[in-house]
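Contents: one structure, followed by commentary.
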Amino acid sequence: MKLRFNDFFGEVMMSDILDCAGREFSRRKGRTLSNIFGYFLAVGLMVVLVNVLLFSKSVTGTILSKTGIYFVTFMPSCREGLSLTPAQLDGISKGVVPIECKEKCKECTGCLKKPIDFRNEAFIANTVITRLLPLDLVDKIMKLSTVEDASPYLQFRFKDPTDEHLFSVGGYDTKNESAVGATCCAPSDVLSGAFTQPGDRGVVMLEESYARSRRLIVGNTVTVAGVIFPVIGIINTGVRPAKADIYMPIEDAENVINRRIRAPLFHEINAILVKTKSSLVQEQAMESVKQIVQGGVISTYACYQPAAKVLGMNENAVWILAVLIGIGAVLFSSRSQLASIIERRNDIGILKAIGWANSNIVFQVLTESLIQACVGAILGGIFGNLLVFLVPVKTFTGIDAELSPSFLVTFSAWILSLLGGIIAGISPAFRAARQKPADTLRRV
Numbered sequence: 005m006k007l008r009f010n011d012f013f014g015e016v017m018m019s020d021i022l023d024c025a026g027r028e029f030s031r032r033k034g035r036t037l038s039n040i041f042g043y044f045l046a047v048g049l050m051v052v053l054v055n056v057l058l059f060s061k062s063v064t065g066t067i068l069s070k071t072g073i074y075f076v077t078f079m080p081s082c083r084e085g086l087s088l089t090p091a092q093l094d095g096i097s098k099g100v101v102p103i104e105c106k107e108k109c110k111e112c113t114g115c116l117k118k119p120i121d122f123r124n125e126a127f128i129a130n131t132v133i134t135r136l137l138p139l140d141l142v143d144k145i146m147k148l149s150t151v152e153d154a155s156p157y158l159q160f161r162f163k164d165p166t167d168e169h170l171f172s173v174g175g176y177d178t179k180n181e182s183a184v185g186a187t188c189c190a191p192s193d194v195l196s197g198a199f200t201q202p203g204d205r206g207v208v209m210l211e212e213s214y215a216r217s218r219r220l221i222v223g224n225t226v227t228v229a230g231v232i233f234p235v236i237g238i239i240n241t242g243v244r245p246a247k248a249d250i251y252m253p254i255e256d257a258e259n260v261i262n263r264r265i266r267a268p269l270f271h272e273i274n275a276i277l278v279k280t281k282s283s284l285v286q287e288q289a290m291e292s293v294k295q296i297v298q299g300g301v302i303s304t305y306a307c308y309q310p311a312a313k314v315l316g317m318n319e320n321a322v323w324i325l326a327v328l329i330g331i332g333a334v335l336f337s338s339r340s341q342l343a344s345i346i347e348r349r350n351d352i353g354i355l356k357a358i359g360w361a362n363s364n365i366v367f368q369v370l371t372e373s374l375i376q377a378c379v380g381a382i383l384g385g386i387f388g389n390l391l392v393f394l395v396p397v398k399t400f401t402g403i404d405a406e407l408s409p410s411f412l413v414t415f416s417a418w419i420l421s422l423l424g425g426i427i428a429g430i431s432p433a434f435r436a437a438r439q440k441p442a443d444t445l446r447r448v
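Numbers given in my numbering equal positions in the sequence shown, counted from 1, plus 4.
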């Protein structure tokens, strides 16, 4: 059964519309192929570029979201000592707690656990003398929704009795790879020798600068508070916030520190290493940690701030470019279709002269425009997806990730192409429909 449009399009049938479109395509092959190629190019480019941008967003987002997401929190030493007299400070060095300190810091154990060499040795973090923190704060921080991992840390400044040089010891949890690996030390930092393994005891690693200044290499030994440790590795930790001269398991660090303070540590540390879930929640995580460690200080990488901003910029860039490509496709097809309609003005006038209604003319032009848009969009979508599928991403970028075509991108490109076909054809179609047959035939 032939589909008729009598109610709206007079006696012209759908078969007439398609026959006329076919003749037009065969008569003007160059123009037709040009229009189809325009849609093909626009859709193909959109599919390829947007898929690549989405892939780039995914990969860089993964990297940037993990940039600068580590920090160290500690509590600076009590400021009450600034108002103490020399005699009171001398008393603290001998284990005598001033009355003022007892009244203002009733729960603080810092004065009872001051170093024996009060003027040279101290608990430190980021070169700052610190107080002691209860170990259970680590568990409280771990429960925060913005925190992925947290680990205890002990850092102490020692004075070597042989030549009186000062050096720092960092004691870390050898079983923790996440928080420790970015704020303190990691296997990738090893320059020579080996990195400590989970459960290791009685061994140390040296920071490269300290090893060079002391002329130490792997296989030598160092003495800390009278305890001899073999050196198993030389490392360079860069600018990590928990950097030290000597690194050892936290159990060994506690043991040697207890030899240099007036009372032994009991479930106490002086810093906490923290890893957040993303650079986007870094600020929130730091504020939450400050609520737990009242009066605490945060030492972190500043790079998390630009990383968080770049993530938002990267996402916006993807959609802005997608919109620009879509607009470009519509403008390109509109210009091409308008040129086609101008070339056919006389033909359209003849059709009106033999009885075609204005609605028939409009429908004819829109049908031709949509057919070309549809063919170009399908071919462009297929080509774009094949290109995306076949591109060896790892060869070109070195990134071991899969670039897979997105159906949503392809579908969106098709819709934009068809919309462009309608927009491209509707204005010229109405202009052609308003032509008077007599005026058109005079120009034939």
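Even for Gly, the Cβ is constructed at its ideal location relative to N, Cα and C. No experiment lies behind these values; they were computed from the predicted model shown.
Exposed or buried, which one is residue i when buried takes at least 16 other CB atoms within 10 Å?
i: L141; result: buried
i: R161; result: buried
i: Q286; result: buried
i: V327; result: exposed
i: I324; result: exposed
i: Q295; result: exposed
i: L195; result: exposed
i: E168; result: exposed
i: E291; result: exposed
i: I331; result: exposed
i: G34; result: exposed
i: R123; result: exposed
i: P102; result: buried
i: Q159; result: buried
Compute the Euclidean distance between the alpha carbons of residue i and residue j, then round it to the nearest angstrom.
i: Y176; j: F127; result: 14 Å
i: S283; j: I73; result: 5 Å
i: A198; j: V132; result: 30 Å
i: L178; j: G242; result: Checking the sequence shown, residue 178 turns out to be Thr, not Leu. Their Cα atoms are separated by approximately 19 Å.
i: Q376; j: L335; result: 15 Å
i: G223; j: P245; result: 27 Å
i: S81; j: F59; result: 48 Å
i: A229; j: L170; result: 12 Å
i: V293; j: K144; result: 9 Å
i: L22; j: V379; result: 15 Å
i: S30; j: G388; result: 27 Å
i: I120; j: I261; result: 10 Å
i: P409; j: G385; result: 10 Å
i: P253; j: A91; result: 37 Å
i: N364; j: L374; result: 15 Å
i: P156; j: T166; result: 30 Å
i: V151; j: N274; result: 19 Å
i: V56; j: V413; result: 11 Å
i: W418; j: T280; result: 41 Å
i: F411; j: F393; result: 12 Å
i: Y191; j: I239; result: Here the sequence assigns Pro to residue 191, which means Tyr is not the residue at that position. Each residue's Cα considered, the two are about 9 Å apart.
i: M209; j: L391; result: 50 Å
i: R263; j: D193; result: 30 Å
i: T36; j: G26; result: 10 Å
i: Q368; j: N39; result: 16 Å
So residue i packs on residue j, CB below 8 Å; how close in whole Å?
i: A154; j: V76; result: About 10 Å; that fails the 8 Å criterion.
i: L137; j: I276; result: 7 Å
i: M79; j: V297; result: 6 Å
i: A248; j: E211; result: 7 Å
i: D256; j: G206; result: 6 Å
i: A46; j: S416; result: So it is not a contact: roughly 12 Å between Cβ atoms.
Secondary structure at residue i, three-state DSSP: helix, strand or coil?
i: R264; result: coil
i: C288; result: The amino acid occupying residue 288 in the given sequence is Gln; Cys does not appear at that position. Correct three-state label for Q288: helix.
i: R244; result: coil
i: L22; result: helix
i: R161; result: strand
i: D204; result: coil
i: L420; result: helix
i: P90; result: helix
i: K279; result: strand
i: G230; result: coil
i: L139; result: coil
i: T178; result: coil
i: P253; result: strand
i: S408; result: coil
i: E152; result: strand
i: M146; result: helix
i: M50; result: helix
i: I386; result: helix
i: F270; result: coil
i: P102; result: coil
i: S81; result: coil
Is the segment 262 to 277 touching the segment 234 to 243, taking contact as three or more C-beta pairs under 8 Å?
-> no
Inter-stretch contact (C-beta, 8 Å, three-pair minimum) for the segment 294 to 301 and the segment 178 to 195 | no
Looking at C-beta atoms only, is the number of pairs between the segment 43 to 50 and the segment 206 to 221 that lie closer than 8 Å three or more?
-> no
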